[in-house]
Amino acid sequence: MFKIVAFSTVVIGGAYFAGVFDHRYVRVVDRPPSAVAAALLDVDIRRAPGAPTTDPSRSGGVNPTFSHDKTDTGIVYTVHSGAQTAIRMFADIEPIDGGKRSRVTTHVQRGDAPDDFVAPAFRSTSLANGLFDMVVEAELDELTRIVGNPEKCREMIEQFQMSGPSDAKRPDNLGAAMGDTARAVMQLSAMQQEMRRAGCDTGGADGFTPARHTSQQ
11 MFKIVAFSTV VIGGAYFAGV FDHRYVRVVD RPPSAVAAAL LDVDIRRAPG APTTDPSRSG
71 GVNPTFSHDK TDTGIVYTVH SGAQTAIRMF ADIEPIDGGK RSRVTTHVQR GDAPDDFVAP
131 AFRSTSLANG LFDMVVEAEL DELTRIVGNP EKCREMIEQF QMSGPSDAKR PDNLGAAMGD
191 TARAVMQLSA MQQEMRRAGC DTGGADGFTP ARHTSQQ
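For the sequence shown, the tail end lands on 227 under this note's numbering, and the numbers increase by one without skipping.
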């Protein structure tokens, strides 16, 4: 299973890096805002694919620091570069259906720190938003996951291995590579949705380390 999860993380992460996705993340969660906010307090961008900001040599020798703040509209996550801000990432949580469910949307905002002192993953807002979406998605999956039958989950993985992406030939050009990536992402997404409905664990970014937390009063 871990091979499938690792492969899907690499492919989907690669698609974000390549710009296959350019959208605003929106997800409706069958949980009240308080439960969603509590789950998202555990999000740590350092656990995104590529472990962004964990290598100070990639940000001019500056060791970034992290914080998150609970606000009236959701949670704001900040990556600091010294006294300046590298980037802010927003997870807005809107109550729907009388507060029984929640709508989660994300966006990011580049800070005032110069590019030379910001990790490459956070110099581009589109790239940062893609990585942020992935860790938010993983937390929400964990929040809503039901426990499935382990044997059934193993059977589903084996079926995917037999019918899923294989070692295809090297693409002839960038367009072909992007097409292959998009098709693989759609196939992986369909597989993950089917496994989630069956209660199988599809998470590849568990164990987030809580960042420093402050709350607005």
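Ideal placement from N, C-alpha and C gives every residue a C-beta, glycine not left out.
Since this is a predicted model, take the numbers as computed values, not measurements.
Two segments are said to touch when three or more pairs of C-beta atoms, one from each, lie closer than 8 Å; by this definition the region 130 to 147 does not touch the region 156 to 165. One thing to note: V72 has its Cβ no nearer than 9 Å to the Cβ of L150. Within the same chain, A129, A131 come within 6 Å of P62 by CB-CB distance, once the 5 residues on both sides are set aside. In this structure, H117 keeps its C-beta atom at 9 Å or more from the C-beta atom of M144. Boundaries of the beta strand (DSSP E) harbouring T115: 111 to 120, taken from the DSSP string. The alpha-carbon separation between T115 and D40 amounts to approximately 15 Å. T83 is not a Cβ neighbour of A123, given a cutoff of 9 Å. In this structure, DSSP gives T63 a state outside helix and strand, which the three-state scheme calls coil. In the three-state DSSP reduction, T83 falls in the coil class, being neither helix nor strand.
Rounded to whole angstroms, the gap between the alpha carbons of V146 and I85 is 11 Å. Non-local beta-carbon contacts of P42 in its own chain, meaning distances under 8 Å to residues more than five positions away in sequence, involve P105, G109, K110, R111, S112 in chain order. S91 carries a strand assignment under DSSP once its states are collapsed to helix, strand and coil.
Assigned with DSSP and collapsed to three states, S77 falls in strand. Minimum Cα-Cα distance from I156 among the listed residues M205, Y35, S69 corresponds to M205. Taken atom to atom, the span from the alpha-carbon of I55 to that of A101 is near 13 Å. In the assembly as shown, M172 is an exposed residue. Its beta-carbon has fewer than 16 other beta-carbons within 10 Å.
Straight across, the Cα-Cα distance linking I103 with L198 is about 27 Å. Residue environment for Q202: buried (at least 16 other C-beta atoms within 10 angstroms of its C-beta).
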